[in-house]
Amino acid sequence: MVNSIPEIDYYLNRGANAIEADVNFSPDGSALSTYHGVPCDCFRRCMLRSSFSDYLKYVREVTVHKGRNIALLMLDLKLEESKVPKASQRYAGIDLFTKLVDHLWYQVNQTHRVNVLVSIPRAQDRMFLKGFLSELNKEENQKYAKNIGYDVGMNSYLAEISSMYESLGIRKNIWQGDGITNCLVGMRPENRLREVIDLRDAPSGYVRKVYYWTIDLTSAMENILQSGVDAIITNHPERLNSLINYSYSARYRLANRTDSPWEKIISVSKSGSLAGSRRVFLDIVVNILELGAQARDYFSRLLSRSSK
């Protein structure tokens, strides 16, 4: 969740190679702002926001002119929270695509063009994708197809999601996630994540990439890495990078902007358990220390903002 422009640099400097923003709409379907609101993840400031157009312009600036490594921009579309009626969802898809072209991709060559993952809440929101695809399929816009991926973010039934993609003719560039807010991540069963990974690894499965959200504790990150996911959403990229660079360097590396985020990579091994392999006592100690650090960082940033 990176919804203000200053946060983009903050998280890139901490080692993030991708950013996720929450997009809010007007009732008629215009993409207005990046904003989450309350409630959100624990130890995060939920009310920060930016103009959506300005946000895209800044991402373009830092990637084209400053050479920052943003392998993927994920847009979590808050269609339900914005109260966008079904009748306006098609226009919302058209408007979002138009803003991506105008503010993020226009006159940017393929080398520097940021890949975007468009995440609708549920399979029932397919009208948004119909509008989005109506613009993408225009001859002058087809060059952007290689920069766009698709996701359904709110843990819908997988068969329902697969049927939606089939009806829309979407067969490539599909991500599928599973998860819950960082406040409750230890309480979510692993069953659906296992199903998603099996779909990715099946020859006929619709899934190209699997991600899990939102994990901030190192022990939980390690457990999910053992399952064979392709990506993790976290508020602490520096912790994930440490695991990838050391304990999991033989199996993972951090993706960069030259990598394709749409290529299916079959899991090398499914050894390990989401329940974890590290010693329980060590996990408890590390978790307490990390939670304390998160709390200190949160209140320090909050007080710093209040004093300005």
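For the sequence shown, the numbering used here gives the first residue as 1, with consecutive numbering after it.
Note that CB positions come from ideal geometry on N, CA and C, so glycine has one too.
query                                                                                                                                                      : result
Give me the Cα-Cα distance between residue 42 and residue 223, rounded to the nearest whole angstrom.                                                      : 20 Å
What are the complete beta strand (DSSP E) segments, minimum 3 residues, inside the stretch 46 to 109?                                                     : 49 to 51 and 72 to 77
Could you tell me which residues DSSP puts in a beta bridge with residue 20?                                                                               : 74
Measuring alpha carbon to alpha carbon, tell me which of 118, 191, 207 and 187 ends up nearest residue 214.                                                : 187
Taking just the CA atoms, how far does residue 220 sit from residue 94?                                                                                    : 38 Å
Within 10 angstroms of its Cβ, does residue 227 collect 16 or more other Cβ (buried), or is it exposed?                                                    : buried
Using only alpha-carbon positions, find the residue among 202, 189, 184 and 120 that is nearest to residue 165.                                            : 120
Buried or exposed for residue 31, please, with buried defined as at least 16 other CB atoms from any protein chain shown within 10 angstroms of its CB.    : buried
Who are the near neighbours of residue 61 in its chain, counting only those whose CB is closer than 7 Å to its CB and skipping five residues on each side? : none
What's the C-alpha gap between residue 101 and residue 57?                                                                                                 : 11 Å
Quickly, what does DSSP pair residue 331 with across the bridge? List them, please.                                                                        : With the chain represented from 1 up to 308, any question about residue 331 goes unanswered, as that position is not in the structure.
What are the boundary residues of the alpha helix (DSSP H) that residue 124 is part of?                                                                    : No alpha helix (DSSP H) contains residue 124, which DSSP labels as neither H nor E.
What residues match up with residue 213 in a beta bridge as DSSP calls it?                                                                                 : 179
Please state whether DSSP places residue 119 in a helix, a strand or coil.                                                                                 : strand
Can you tell me which of 4, 128 and 18 puts its alpha carbon nearest to the alpha carbon of residue 234?                                                   : 18
Do you know how far the Cα of residue 24 is from the Cα of residue 126?                                                                                    : 17 Å
Below 7 Å CB to CB, which residues in the same chain sit around residue 7 once its five sequence neighbours on both sides are set aside?                   : 48
Leaving out five residues before and five after residue 84 in sequence, what residues of the same chain have Cβ atoms less than 7 Å from its Cβ?           : 25, 27, 29 and 92
Near residue 40, which residues of its chain fall below 8 Å by C-beta distance, leaving aside the five closest residues on each side in sequence?          : 1, 46 and 181
I need the DSSP call for residue 207, collapsed to helix, strand or coil.                                                                                  : coil
Taking only the alpha-carbon atoms, compute the straight-line gap between residue 132 and residue 288 and give it to the nearest angstrom.                 : 44 Å
Any chance the stretch 107 to 118 sits against the stretch 71 to 86, with 3 or more Cβ pairs inside 8 Å?                                                   : yes
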